[in-house]
Amino acid sequence: MTVMEDFEDEIRRKVSDVLKAQGAQDVQIVTEFSQMEGVDVAVPCFSMAKALRKAPQAIADGLAKELVPDGLISSVSAVNGYLNFTIDPEALVKGTLDEILEKGRDYGHRAPSGLRVNVEHTSTNPTGPIHVGRARNPIIGDTLARALRRCGHEVTTEYYVNDVGKQVVVLTWGVENVPDDVAAEEAAEHAAKAGGTEKERDKPDHRLVANYRVANRYLESDEKVQGEISDMLRRFEAGDSEVIGTVRRTAEMMLGGLKETLSSINVELDRYTWESGYIADGSARKVVDDLKKSKYAGSTDDGAWYVDLKDFGVQGKNTKFTFTRSDGTTLYTTRDLAYHLDKFTRSDRVIDVLGEDQKLGSKQLCSALEILGSEKMPEPLFYAFVSLPEGKMSTRKGVVVYLDDLVEEAVARAYGEIKSRRQDMPEERMREIATVIGVGAIRYNIVRVQPEKQFVFRWEDALNFDGNSGPYVQYVHARACSMLRKAGEFERCTNPAELDDEYEARLIRVLSRYPSVLLQAGEGKAVHQLPAYAHELASAFNQFYSKVNVLKAETGRDARLTLVECTRTVLADVLDCMGIGAPEEM
RNA sequence: GGCCCCGUAGGGUAGGGGAUUAUCCUGGUGGACUUCGGAACCAUCGACUCGGGUUCGAAUCCCGGCGGGGCCGCCA
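Structure representation (structure tokens):
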């Protein structure tokens, strides 16, 4: 419990007591942070108006009259239908700072809930490198996972690897059959088309995707290749262990490259689950058997099975959700059902981070789970697609920006910045910090916007290091570290009498809100609140910094240094929650 | 054809029924400061897609246009 939470509790309790004394039971009392100057928490009285049959302002007036400021409440007033409360400023200062000092990097984190939460994210097909369109997925997913851990949950992150189906078979055929020189030529040509932003890389995903492109091209025109691939696909479907093994090995090679990319942006997943596993262990088959028994099931003349979802709110000309082909083999969605049932045995909550093209699929999945009698349902988190100013990303047309290229560019840019301001720093250290800054800029820029909004990728935004950016926040952290380094030994002091400047008070107020921001980001699945908060905190610190002397303070130096230390602690944690490093110098 | 998202200053973006000042960044303009690290600080300019409706009150909810995106496979 933080001071702010105690404060809100106290308000709710006291307002409720007064209402009960006035004969009103069971009235919902909501508290909210106020933007009004001089008001900390407000209770809007509008929603009580109907139940109490009184005007909002009259309710607020009545309550304000009965409530005597004591405890954490230092003042009460009624304005425009709001009951406004001010927290005892001394308690806020002392309570917030003491708690940060005591908990350190755990400030704002909740006690263990015992809840197991599974966050599936990324799960891109292992057929090519990750481009910035897809990058929204790992960045949102990883950030959400970090926020949920701070909410006290036991979080497992998971990547569902698609090693079944035509795409991976085509890839595998390409890797086995396309001559090295043809693939190399394709890679060079593709890089040239991308206009120099893209480089040839010796990395499995970039190497193998050339074979994949060539194979796809052959597939369009060459009958011999078409025959070979469909034969391979047939053997794959029939359970030919040789083909299955080859495909799996190819997918693993590709995945190795993808993992490298993810790791470069600080995304490490706890678990990789292979789609083919659900065929091998018979669980996809069991889903088929169970669905066939349902009253919604039916089959076409040639033997394909479906469930009709028209009673489940699925709209459109075709409400049939097919779960077996006419030859009896399973489909992607059938295996996805088995996958979700598996996840439910391992977790209490299951979150899927998905592109918005999966909306219908996800709804169908839920309906089918309902038919199967599942008590748990996945919670999908959808994000809209990322496009380029020139239009949709397309690997084939060369209209694509690979995440590896973006990272490289951002790091190079950060390196240039450091080099221009720091002549004293060793080369290796500059490189190290440039990586942290470049990656920070990218993650911050992408997590900044609400997932459901379309996102147009622009180099100048992604490489922006000013204002509302990762590097801005990192810079403030580095600056705070520098001050603490220079300060040397000091005695921690949280005496409110020494922290009564308006800039100090504002900064502390922002610090006090961190726990509620983590809650919104995690439980509310609103990860875009994190960069907004980080920027607000960093900005409040910069204002404080420009107006108040710390190292040269005549009085209250220790208290100010303590405030600097607390800010640094929270900045480091909010950055970490976004998967962004907090360098001590830059 | 049907369904689902989104539309906020020149560009980007927060708020997603309420407080006669709608957030933040960028951009423009103008400042302060011999700095505890200027990737900074201050001031100023500039916006709720349109039309109806619900409501004491709408950027916010409902209906309809317009614009952008997505989906409607025995693909994954």
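Here numbering that gives the first Met the number 0 is used: position 276 in the first sequence is 275, and no number is missing along the way.
We treat Cβ as the ideally placed atom computed from N, Cα and C, and that holds for glycine.
query: Between the CA atoms of Lys19 and Leu51 - distance to the nearest angstrom; result: 12 Å
query: Identity of the residues DSSP links to Trp273 by a beta bridge; result: Val160
query: Backbone secondary structure at Lys319 - three-state DSSP; result: strand
query: Nearest-angstrom Cα separation, counted from Leu82 out to Phe320; result: 53 Å
query: Extent of the continuous beta strand (DSSP E) run through Val40; result: 40-43
query: For Gly521, the three-state DSSP class (helix, strand or coil); result: helix
query: 7 Å Cβ shell around Arg442 - same chain, five flanking residues per side excluded; result: Ile138, Ile264, Gly469, Met577, Gly578, Ile579
query: Length at least 3, wholly inside the segment 40-71: the beta strand (DSSP E) runs in chain order; result: 40-43
query: Stretch-stretch touch, CB-based, cutoff 8 Å, three pairs: the segment 155-170 with the segment 396-407; result: no
query: Beta-carbon proximity check, Arg109 vs Gly151, cutoff 7 Å; result: yes
query: CB of Ala433 within 7 Å of CB of Ala413, strictly; result: yes
query: Residue closest to Ser73, alpha-carbon to alpha-carbon, out of Glu65, Ala90, Ala57; result: Ala90
query: Nearest neighbour of Cys565, chosen from Gln56, Ala296, Cys492 [CA to CA]; result: Cys492
query: Cα-Cα separation, Gln473 to Gly466; result: 11 Å
query: Buried versus exposed, by CB contacts within 10 Å (16 or more), Met35; result: exposed
query: Buried versus exposed, by CB contacts within 10 Å (16 or more), Tyr331; result: exposed
query: Residue from Ile10, Arg145, Asn79 with nearest C-alpha to Ala44; result: Before going further, note that residue 44 is Cys rather than Ala in the sequence given. Nearest option by C-alpha distance: Asn79.
query: Same chain, Cβ closer than 8 Å to Ile243, neighbours up to 5 away in sequence not counted; result: Phe235, Ser275
query: Cβ-based neighbour list, Ser33, same chain, cut-off 6 Å, excluding 5 preceding and 5 following; result: Ala41
query: Cβ-Cβ distance between Ala533 and Val573 below 7 Å; result: yes
query: DSSP-derived helix/strand/coil call for His534; result: helix
query: Nonlocal neighbours in the same chain, by C-beta distance under 6 Å from Ala209, ignoring five residues either side; result: Ala182, Glu185, Ala186
query: Alpha carbon of Arg556 to alpha carbon of Glu503, nearest angstrom; result: 12 Å
query: Range of the contiguous beta strand (DSSP E) that encloses Gly354; result: 348-354
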